[in-house]
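Residue numbers (the working numbering): 23 to 130.
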């Protein structure tokens with residue numbers, strides 16, 4: 023499948039929209055789960071752009087280096103989200119809420 027310039031621009035615009043939505047969720051939401059979901063959206067947005075750039079360089083298929091970088095980025099993102107969910111679970115056990123405003127004390 024050959025991506026012409028308009029498709030490439032649409033994919034990059036979609037990546038930018040995903041980044042903006044994730045940034046909005048990071049700033050505006052108060053639930054820790056929603057904040058973690060917003061971070062996951064922000065992590066996925068550059069991966070979409072990397073794949074689009076890989077296809078733009080080679081019309082027949084994506085560049086193998088781009089694919090490898092994206093797979094590694096997805097694996098690291100999944101590990102970070104897993105750690106964030108584990109951290110959020112411990113915060114919920116300690117504070118009894120997922121509201122990020124309640125996490126103000128750092129006492130043991």
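Quick reminder that beta carbons are idealized off the backbone N, C-alpha and C, glycines included.
Beta-bridge partners of residue i, as assigned by DSSP
i          : result
residue 53 : 121
Buried versus exposed call for residue i [16 or more other C-beta atoms within 10 Å across all chains shown]
i           : result
residue 88  : buried
residue 109 : exposed
residue 57  : buried
residue 77  : buried
residue 65  : buried
residue 54  : buried
residue 104 : exposed
residue 118 : exposed
residue 74  : buried
CB contact below 8 angstroms: residue i versus chain D
i          : result
residue 32 : In summary, chain D is missing from the structure at hand, where a single protein chain is found.
**OP:** Would you be able to state if there are at least three C-beta pairs under 8 angstroms between the region 58-76 and the region 99-115?
**Re:** yes
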